[in-house]
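Every number in my numbering is 5 more than the matching position in the sequence shown, counting from 1.
Okay, so here's the structure we're looking at.
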Amino acid sequence: MKTLVMKVTLRASWSHSLKEKRMVVKSIIQKLKNKFNISVSEVDEQDIHQTIVIGIAGICGTSSQLDSTMEHIITFIEDNTDAEIINIQKEQIVSL
């Protein structure tokens, strides 16, 4: 069993308020949860209206499935938000 852990940082340069940011964050988090059945939450920079940091965690059976899921998540984020991905931190945790 493999555990997927990601931290994705996005820049929403067009966002001028926390209200605008919240709409984007809520939308992408819900879409990710529905599409991939993973845990997703905003984890940092909540008070900065142009920076979005989301944490993602999930369980996969194999390393290849985990790599594929990571790539699909990144592509999904790029396709479903106007915000630009500026940083991605990925980690794999192997469990027995």
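Where a beta carbon is used, it is the ideal one built from N, C-alpha and C, also for glycine.
Alpha-carbon spacing of residue i relative to residue j, whole angstroms
i: F81; j: T67; result: 21 angstroms
i: S44; j: L71; result: 14 angstroms
i: Q55; j: C65; result: 32 angstroms
i: S32; j: F41; result: 14 angstroms
i: K24; j: E83; result: 21 angstroms
i: D52; j: K38; result: 23 angstroms
i: L95; j: K12; result: Strictly speaking, residue 95 in this sequence is Lys, with Leu absent from that position. Going from the Cα of K95 to the Cα of K12 covers about 7 angstroms.
i: S73; j: A17; result: 26 angstroms
i: G60; j: E89; result: 16 angstroms
i: S20; j: V30; result: 11 angstroms
Cut-off 8 angstroms between Cβ atoms - residues of its own chain near residue i, not counting five sequence neighbours on either side
i: Q97; result: K7, T8, L9, V10, S68 and L71
i: S22; result: H54
Proximity to residue i [Cα-Cα], best of the options
i: A62; options: S73, T56 and S46; result: S46
i: D87; options: K38, K26 and K12; result: K26
i: I78; options: I34, H21 and S22; result: I34
Proximity test, residue i beta-carbon vs the ligand NAD heavy atom, cut-off 7 angstroms
i: A62; result: Judged by which ligands are present, the structure shown has none, so any question about the ligand NAD falls away.
Cutoff 6 angstroms; reference residue i; Cβ partners in own chain excluding five residues on either side
i: T14; result: V58, I91 and N92
i: D49; result: V58
Beta-bridge partners of residue i, as assigned by DSSP
i: R16; result: T56 and E89
i: D11; result: This sequence places Met at residue 11; Asp is not what is there. BP columns for M11 point to I61 and K95.
Own chain residues within Cβ distance below 7 angstroms of residue i, not counting five before or after
i: M28; result: none
i: M75; result: L9, M11 and K95
i: N85; result: I33 and K36
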